[in-house]
Amino acid sequence: AHAPRRTTSHENWVIFKGRCRKVNLYLDYEDALTLADDDINEHWELYREKFLKGDFP
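Residue 93 is where the sequence shown starts when you use the working numbering, and the numbers rise one by one after that.
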């Protein structure tokens, strides 16, 4: 049997008009997906507003 593959997840932070920083989360993909989903659910209106203003790439 093979050992399970280790995977890493990361988060991209948009700093300013397209500049991006990648941050390692040290979470498995399921937990990283849950974190991302919760963030979108909590902040989607702000993200939509910024996107429509051109603040997000």
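Positions of the beta carbon are idealized from the N, C-alpha and C atoms, including for glycine.
> Pro96 to Glu141, Cα distance in whole Å?
Replying inline: Model confidence at Pro96 stands at a pLDDT of 49, short of 50, so the residue's coordinates are unreliable; what they give is reported in the following sentence. Straight-line spacing of the CA atoms in Pro96 and Glu141 works out to 41 Å.
> Going along the chain, which residues of its own chain have a beta-carbon closer than 7 Å to the beta-carbon of Ala124, five neighbours each way excluded?
Replying inline: Once the five neighbours on either side are set aside, the close Cβ partners of Ala124 are Ser101 and Leu117.
>> In this structure, how does DSSP classify Leu127 when only helix, strand and coil are distinguished?
In response: Of the three classes helix, strand and coil, the one that applies to Leu127 here is helix, per DSSP.
>> Whole angstroms are fine: how far does the CA of Tyr139 sit from the CA of Asn133?
In response: Taking the straight line from one Cα to the other gives about 10 Å.
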